[in-house]
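Data block below; observations after.
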Amino acid sequence: MSVNAATVYKDNKVLTASPAELTLLLYEGAIKFCNIAIMALEKEDLEKAHNNIIKAQKIIMELRATLDFRYPPAQLFEMIYDYIYRRLIEGNIKKDKAIIEEALEFIREMRDTWKEVMKLAK
Numbered sequence: 000m001s002v003n004a005a006t007v008y009k010d011n012k013v014l015t016a017s018p019a020e021l022t023l024l025l026y027e028g029a030i031k032f033c034n035i036a037i038m039a040l041e042k043e044d045l046e047k048a049h050n051n052i053i054k055a056q057k058i059i060m061e062l063r064a065t066l067d068f069r070y071p072p073a074q075l076f077e078m079i080y081d082y083i084y085r086r087l088i089e090g091n092i093k094k095d096k097a098i099i100e101e102a103l104e105f106i107r108e109m110r111d112t113w114k115e116v117m118k119l120a121k
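Just so you know, numbering that gives the first Met the number 0 puts 105 at position 106 of the sequence shown, and the rest follows in order with no gaps.
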């Protein structure tokens, strides 16, 4: 698949996704950026690590902004997102791979939980 075709496919995927699917895509994006940041830290490419951690932070803030507080789980999700966000900031400041890996594990757990919710909702 050419780069242009891949871009069109990705754009269409986002444009046609349901709100639940968009949330899943956000989790996947945060995971991707954390993985890139971890690899960059291993190679001591601090700028690349920084830029990708910032991207992951922005996604976590977007996930937090979409919470609907009419539902009790939203408060728990807000606390988890806040923790992940703070760990990403700390990991970025300290350039500490272990902290980013911890945040990544939380994001993966949230993603996996979200996948289960999507299955139950069908």
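Quick reminder that beta carbons are idealized off the backbone N, C-alpha and C, glycines included.
- With a cutoff of 8 Å on beta-carbon distance, I30 and I79 are scored as not near each other.
- Within the segment 7-83, the runs of alpha helix (DSSP H) at least 4 residues long that lie entirely inside it are, in chain order, 18-41, 45-64.
- The beta carbon of K94 is closer than 7 Å to those of L40, L45, A48 in its chain, skipping five residues each way along the sequence.
- Sequence-distant partners of G90 (beyond 5 residues in either direction) whose C-beta falls short of 6 Å from its own C-beta, in its chain, are I98, I99.
- Apart from sequence neighbours up to five positions away, no residue of its chain approaches L14 with a beta-carbon distance below 6 Å.
- A direct Cα-to-Cα measurement between A19 and G28 gives close to 14 Å.
- The closest CA to that of I53, considering only E108, Y84, R69, Y70, is found on Y84.
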